[in-house]
Amino acid sequence: MPKILHVLETCLYARDLAAMDTFYGQVLGLSRMTAEYPRHVFFYVSDTSVLLIFNPDETSKKQDVPAHGSTGPGHVAMAIETDELNAWRDHLNTNGVPIEREITWGDGSRSIYFRDPAGNSTELVTRGMWRNRRPGDEA
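Just so you know, we're using this note's numbering here: the sequence shown kicks off at 152 and counts up by one.
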């Protein structure tokens, strides 16, 4: 069987792309790849992953790629260095981003959950999450 290398892109949906552009670009510090208002704004997350934010009113229309969209909040998790967790918490507080929940997982990794301007669940998680899991392992 051919092998999938990694998840290349993650999509979230929001109608206020300017607010999402500010949040992911300025508050979370992602580099913008491209923006075509009112359809989308894209960000580099790493050298192998991008975050795509689409206006569902635009992407539900027939076009070259299959129509897609979402109702209700989505979720994205981004990895952070373990020793930067406190700095991220402070940074979010400084920027007026309410922290919804913090969790310490059984493997010792930790997560901070908060909402983006469209209500999507956004998570910052320290290294270690999912690292040693393989198909068939107990969750």
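Ideal placement from N, C-alpha and C gives every residue a C-beta, glycine not left out.
Residue range of the beta strand (DSSP E) that includes A170: Element bounds for A170: not the beta strand (DSSP E) but the alpha helix (DSSP H), 168-173.
query: F193 and L203: beta carbons closer than 8 Å?
result: yes
- prompt: Exposed or buried, which one is M152 when buried takes at least 16 other CB atoms within 10 Å?
  reply: exposed
- prompt: Quick one: complete beta strand (DSSP E) runs, 3+ long, within the stretch 244-272?
  reply: 250-255, 261-266
message: One question on the structure: do P189 and E209 come within less than 8 Å of each other, judged by their Cβ atoms?
response: yes
query: Excluding the five sequence neighbours on either side, which residues of its own chain have a C-beta within less than 6 Å of the C-beta of T255, listed in chain order?
result: R261
query: For H219, which three-state DSSP category applies?
result: coil
- prompt: For I263, is the classification buried or exposed, using 16 other Cβ atoms within 10 angstroms of its Cβ as the cut-off for buried?
  reply: buried
task: Could you check how far apart the C-beta atoms of Y164 and S221 are, in whole angstroms? I think they sit under 8 Å.
output: 4 Å
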